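Q: Residue numbers (this note's numbering): -17 to 162.
Cβ coordinates follow ideal geometry from the N, Cα and C atoms, glycine included.
Source: prediction; values computed, not measured.
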Ligand SMILES: C[S@@+](CC[C@H](N)C(=O)[O-])C[C@H]1O[C@@H](n2cnc3c(N)ncnc32)[C@H](O)[C@@H]1O
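Structure, rendered in structure tokens:
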């Protein structure tokens, strides 16, 4: 996955804005933005008065969040962390919500599942299928299959992307963890 420059458009994900209030008002634990970039989604969530932990491996992006905190409130904490090359940093059932937009790392999906508390929210939006993006995207069915048993899936949109022979898909998902 590439490091990216600060996007010109710092508006939050449109789909997240549909669910942000529900996440902020009902969460019973820490909200974490995984692969937060320059914080557009975390700033939106925190506008509802909740703290958000922003994790990314891009120091420039985290510095931008730090330096914007004064104008945008002080509810964001940043952590520089490479989520691909390091062990997952959260214990089981410790998080209230995970937001993961345009930074899907398949091998940590199981960690998302185990680290969310019962009732905890999971919001995932992978990158879309443009160009060679399919090379970084999960196979069709991968995300849903992992979540079906233990999550109440409130929104699921999956689109097969890339060349005919590719099995890649882009996904948008909003779900909450069920009590089993
Ligand atoms: C396309 S940006 C999306 C940023 C943000 N979620 C958004 O929607 O604006 C992808 C982000 O994922 C981060 N990222 C990619 N691989 C990562 C990894 N292994 N560990 C931590 N962050 C990673 C990048 O540094 C980048 O900020």
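Which residue from 108, 14 and 37 puts its Cα closest to that of residue 27?
A: 14
Q: Is residue 105 helix, strand or coil when you go by DSSP?
A: Reduced to three states, the DSSP call for residue 105 is strand.
Q: What three-state label does DSSP hand residue -8 in the structure shown?
A: coil
Q: Hey, out of 85, 100, 146 and 64, whose CA is closest to residue 74's CA?
A: In this structure, 100 is the residue among 85, 100, 146 and 64 with its C-alpha nearest to the C-alpha of residue 74.
Q: Establish whether the CB of residue 16 and some CB of chain D are separated by less than 7 Å.
A: Looking for chain D here will not work: only one protein chain is present.
Q: Could you tell me the distance, in whole angstroms, from the CA atom of residue 35 to the CA atom of residue 79?
A: C-alpha separation (whole angstroms): 10 Å.
Q: Inspect the beta-carbon positions of residue -5 and residue 83 and report whether they are closer than 7 Å.
A: Result yes, Cβ atoms of residue -5 and residue 83 sit closer than 7 Å.
Q: Would you be able to state if there are at least three C-beta pairs under 8 Å between the stretch 116 to 135 and the stretch 42 to 54?
A: no
Q: Would you kindly work out how many angstroms separate the C-alpha atoms of residue 7 and residue 44, rounded to a whole number?
A: 25 Å
Q: For my contact list, residue 65 and residue 95 are in at a C-beta cut-off of 8 Å; report their separation, rounded to the angstrom.
A: Not quite, the Cβ-Cβ distance comes to about 15 Å (not below 8 Å), so this is no contact.
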